[in-house]
Amino acid sequence: MSQSYNRYNTWSSSVRWFHWINVLSVISLIFVGLMMLYKKELGITSLDAKIGLKELHAIIGYIFAINLFIRFIFAFIGPVSARFRAFLPGKGFMQELNSYRASLKAGKPQQFIGHNPLGKLAVTALFSLLIILAFSGLIRAGTDIYYPPFGGVVASYVAEEGKDPASLLPYQKGGVNSEKMASLKAFKSPFGKVHLYSAYLLMFLILVHITAVVRAEVKEGDSLVSSMFSGKKVLKEKPYDEV
Ligand code: HEM
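With my numbering applied, the sequence shown covers 30 to 272.
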């Protein structure tokens with residue numbers, strides 16, 4: 030029996046570029062982040078090597094944060110598939126979700142050109158975590174190794190009188206006011222905790238995301254994986270979100 034399929038334009042090139050740059054930078058950040066966490070076990074003991082890892086992590090972090098920032102500009106002014114309304118659960122969302130879940134239960138999953146309702150939830154959760162990681166990471170970069178955008182202000186705050194803040198090196202003992210250093214430590218500590226636990230949560234959500242995407246591809250046959258490369262979905266059913 031012959032079956033007809035239709036091709037639909039789904040993710041714009043801005044969404045796809047963001048997605049793959051994000052994947053590469055997040056994998057690299059997790060990799061270097063785990064090296065920082067397990068430095069002792071890896072035999073990394075010198076201060077220079079520890080600082081080097083933090084600097085490498087922060088530099089990849091800038092690529093990640095700039096990519097995320099550009100993505101948010103597109104969420105305001107970009108094509109339809111990049112806009113907030115393409116992924117944020119909006120009015121009538123609970124109804125959409127219930128109807129989609131019922132279709133899954135019935136073994137006849139609704140097909141979508143964009144995100145299905147569960148996908149919207151996942152993308153919203155992932156974006157929220159990425160923003161928290163970018164923000165806490167930029168604060169740690171400033172307070173831990175005097176890196177931009179906040180490093181200049183932090184160095185000026187902790188530098189001893191007469192010391193040029195720009196000449197301060199990360200973890201340098203001399204040239205800093207010890208009281209101010211103690212209050213900086215108290216300030217930066219919660220950001221470190223938020224950064225670390227968000228990173229763990231992100232690792233978990235990435236596993237859920239990959240499992241869900243592969244499941245949707247296999248069970249719903251909506252060419253979800255290839256669409257993030259080609260920008261096109263090949264669907265058998267009439268898409269639920271077709272306008
Ligand atoms: C998906 C994004 C990110 C992930 C998964 C991630 C993950 C991690 C992990 C696992 C650590 C080790 C935590 C520890 O040693 O306690 C870490 C530390 C750090 N991260 Fe990130 N990070 C991300 C984004 C960023 C960004 C955007 C920046 C800034 C540009 C940044 C800057 C730092 C710095 C400076 C540290 C070392 C400071 C410290 O010892 O806590 N990170 N990150």
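Glycine residues also receive a C-beta, built at the ideal position from the N, C-alpha and C atoms.
**Asked** With a Cβ-Cβ cutoff of 7 Å, do S110 and V44 count as a contact?
**Response** To locate residue 110, count along the sequence shown from 1; it is residue 81. To locate residue 44, count along the sequence shown from 1; it is residue 15. Contact: yes.
Per DSSP, cross-strand counterpart(s) of V183 | Residue 183 sits at position 154 when you count from the first residue of the sequence shown. According to DSSP, V183 bridges with nothing at all.
Practice item. Using 10 angstroms around the beta-carbon of S42, count the other beta-carbons present and answer buried if the total reaches 16, otherwise exposed. Key: Indexing the sequence shown from 1 puts residue 42 at position 13. Answer is exposed; the Cβ neighbour count stays below 16.
- Message: Using the Cβ count rule (16 or more neighbours within 10 Å means buried), how would you classify V237?
- Response: Position 208 of the sequence shown holds residue 237. Under this definition V237 is an exposed residue.
Tell me which residues share the same chain as L197 and place their Cβ nearer than 8 Å to its Cβ, disregarding the 5 neighbours each side in the sequence. Along the sequence shown, one-based indexing puts residue 197 at 168. Correct list, in chain order: Y175, A184, V187, A188, G204, V205.
List the endpoints of the continuous alpha helix (DSSP H) containing Y226.
For the purposes of this step, residue 226 is taken as the residue at position 197 of the sequence shown. Unbroken alpha helix (DSSP H) run through Y226: 207 to 249.
Exercise. With 16 other CB atoms within 10 Å as the buried threshold, where does I168 fall?
Worked result: Residue numbering aside, residue 168 sits at position 139 when the sequence shown is read from its first letter. Its Cβ being crowded by 16 or more others within 10 Å, I168 is buried.
Next on the checklist: Taking its Cβ as the centre, do 16 or more other Cβ atoms sit within 10 Å of N145, making it buried, or is it exposed?
Outcome noted: For this step, residue 145 is matched to residue 116 along the sequence shown. That one is buried.
>> Which of the three DSSP states is assigned to L197 in this structure?
In response: What you label residue 197 is simply residue 168 of the sequence shown in a count that begins at 1. Of the three classes helix, strand and coil, the one that applies to L197 here is coil, per DSSP.
- Message: Tell me which residues share the same chain as K217 and place their Cβ nearer than 6 Å to its Cβ, disregarding the 5 neighbours each side in the sequence.
- Response: For this step, residue 217 is matched to residue 188 along the sequence shown. Here the set comprises T172.
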